Amino acid sequence: MDPCRNRPTGGCRILRPFGRCLSWFLLVSLVLFPVWLYAAEPQPAPLNPAFIRYQQRQAMGKSIENGLRYTFGHVPSPVDLSHAQKAQAVVSTYSGALPTSYDLRKQGKVTAVRDQGSCGSCWTFGAYGSLESYLLPNETWDFSEKDMNDNHGFDLAPCGGGNSVMATAYLARWSGPLKESDVPYSYGSYAPQKHVQKVVFIPATPYTFTEIKQAVMTYGGVDATIYIDTSAAYYNATTHAYYYPGKADTNHDITIVGWDDTYSKTNFPTQPPGNGAFIIRNSYGTSFGEGGYFYLSYYDTYAGYNCWAFHNAESTTNYIDKYEYDPLGWVGSYGFDSTTGWGANIFQAVSSNPLAAVAFYALEGNTTYQIYVYTGVSSGKPRSGTLALSQSGVLSEVGYHTIPLNQPVSLKQGEWFSIVISFTTPTFGYPVACEWPLSGYSSKATSSAGQSFLSANGSTWQDVSASKSRINVCIKAFTKATSVDCITKWVMDNPATGAINQTELKDINCIFNGVEALVPDAVYPPTQTLLVDSLAYRFYTSSLAYLAAWKSGAVKIFYLGPLSGNCPLDLGTIETLKPIVCIP
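The working numbering puts the first residue of the sequence shown at 13, with every later residue one more than the last.
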């Protein structure tokens, strides 16, 4: 039907030429300006309202202490996790009914109470309270809160506060954990003692807190956030019981180390609606509470709020190379008004070590991911080159996860490769975690063109690292060596005595910090032997290589010879040395 029928003739005579011109204009536009210019723009998720209020208070010159007796230190993250507060499954080995009470102190799974003093660093004590508890009773550690407090990399000054997401970023980039003896809190460069490859957020069912209890029983202490005011209205100094029913924003990080469902409500100065309390390890020293511990009512405004589990600590030899553009981690979330979003990073291989794992953040429980690895990638095109691997999975827990690849991906030193991931959340419309410079928080974040990309559909990509917002996608990659530990080969001749066959020390290709170097005609005292269960570590100057091995504190040093290769200087104490990795 003629659209001009029954209309004034003059009007149609004007519109028809205009319509033809408009059609030609659109056609020419599509030819001259590619479709990607009109692609949907990625949008950031709204900031955490508590973070916005914090910034407003800072602008008004109000400190995080708010004039209260003790120093605190919790600063809200800009990441709004309100969408993730609904209960989710916790990966737990515990099954069956939960006990009415449980105390990690009785299980030998808490380290000594620490004292943050006048420093706003409770967030570091909360994180390490969880991590150290996880490692007990098999390993006892005292990690340095001072190093995390001083070198987190964010805009906040040392003792100026922080949060669990900041702690995760610090650990995920392998800046720590360092030993307390290396960097004592009382006020160089030291090697991390562990690689933390997973940190998860634990929402909980109010008043029963099943998820938190399962995490405590299975792994250890849980980092949590509360509002604390130790005045008599909220804290009973005799029973060491605390209950706050108000609406002030959180200001303090603590560690949940147990619970008592029958703890009487009459112990609290302001009586809560019911019985029950968490057992809390605080960071005010042993003079506070019951030797540094107190009870937090299940009915406290923030009981079970903003809980994070630092329940992963792997050997520092788990991976060799780390690829990342997001040292400050998850600053916020991006999406395309859809529960599906794509993120990608293009990296240049610094060695020929094969790719072994990928790490990223799941922003909602039961996030589905699809990982694609491409090699030989062209600049600005994350899905070019050769598809080397594809694998998928589902993550039940919100947080930072490392996913081992189903098979290693071969890399050539100097080549460009990409990690491309499709994220699909059940309900959240901003499924991709990103880092960017946020004033007053992460303004030191940097990016360069060609690093990070976002896409609504996996085919049309936007280089967000070159955008005005200078975004980097929170995707990391890790490599492993295709080799075996030297000590396994060297002791196999005589397992009874562990004697080393000298000929096996000749012409062995060893990898030092990812750089291959030849160890020719190694020499050592022929009377020296290594026991089968000894540990062997390497250390070196800029030109000479050594092997150190010990058992029960008896250290033996073996000179391996000069290095052929450019190996960096890495001398240190025996405790900080890294294992030798040799090609069999």
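Backbone N, C-alpha and C fix where the C-beta goes; we use that ideal spot for every residue, glycine too.
Since we're looking at a predicted model, the values are computed, not measured.
In three-state terms, what does DSSP make of residue i?
i, result
"E223", "helix"
"S345", "strand"
"Q97", "coil"
"I332", "coil"
"I483", "coil"
"P61", "helix"
"N294", "coil"
"F372", "strand"
"D159", "helix"
"V476", "helix"
"N248", "strand"
"K393", "strand"
"V228", "helix"
"A71", "helix"
"Y254", "strand"
"Q55", "strand"
"Y66", "helix"
"K277", "helix"
"K118", "helix"
"C171", "coil"
"Q205", "coil"
"I238", "strand"
"C446", "strand"
"T458", "coil"
"E326", "strand"
"Y311", "coil"
"K424", "coil"
With a threshold of 16 other CB atoms inside 10 Å of the CB of residue i, please say whether the residue is buried or exposed.
i, result
"V599", "Since the first and last residues shown for the chain are 13 and 596, residue 599 lies out of range."
"R293", "buried"
"L308", "buried"
"Y331", "buried"
"P189", "buried"
"Q128", "buried"
"E326", "exposed"
"E447", "buried"
"M160", "buried"
"L399", "exposed"
"Q68", "exposed"
"T83", "buried"
"A374", "buried"
"T274", "exposed"
"Q209", "buried"
"N324", "buried"
"N263", "buried"
"S404", "exposed"
"I240", "buried"
"N418", "exposed"
"S299", "exposed"
"T222", "exposed"
"K480", "exposed"
Starting from residue i, follow the beta strand (DSSP E) in both directions and report where the run begins and ends.
i, result
"Q360", "T352 to Q360"
"W271", "H264 to D272"
"W135", "Where W135 is concerned, there is no enclosing beta strand (DSSP E), although the alpha helix (DSSP H) it sits in stretches over C134 to L147."
"P420", "G411 to V421"
"W428", "W428 to T436"
"W320", "C319 to A321"
Give me the Cα-Cα distance between residue i and residue j, rounded to the nearest whole angstrom.
i, j, result
"K492", "T328", "11 Å"
"A139", "A179", "7 Å"
"L110", "Q226", "8 Å"
"S295", "T136", "10 Å"
"G85", "T242", "15 Å"
"R126", "G232", "17 Å"
"G344", "G441", "13 Å"
"S350", "S408", "19 Å"
"Y384", "S467", "14 Å"
"F359", "A478", "15 Å"
"S130", "P54", "42 Å"
"G646", "P449", "Within the shown structure, residues of the chain are numbered from 13 to 596, placing residue 646 beyond reach of any answer."
"L148", "K206", "14 Å"
"G174", "V87", "5 Å"
"D333", "G165", "21 Å"
Rounded to whole angstroms, how far is the Cβ of residue i from the Cβ of residue j, which I believe are closer than 8 Å?
i, j, result
"V228", "G288", "Not a contact, Cβ separation roughly 14 Å."
"P11", "G347", "With the chain covering 13 to 596 only, the question about residue 11 has no answer from this structure."
"F435", "G316", "Contact flag wrong, Cβ pair sits at about 27 Å."
"P284", "Y255", "5 Å"
Name the two residues that bound the continuous alpha helix (DSSP H) containing residue i.
i, result
"G405", "That residue, G405, is in no alpha helix (DSSP H); its beta strand (DSSP E) goes T398 to L407."
"V177", "S176 to A184"
Please confirm if residue i has its CB atom under 8 Å from at least one CB of chain C.
i, result
"D92", "The chain labelled as chain C is not found in the depicted structure, where only one protein chain is given."
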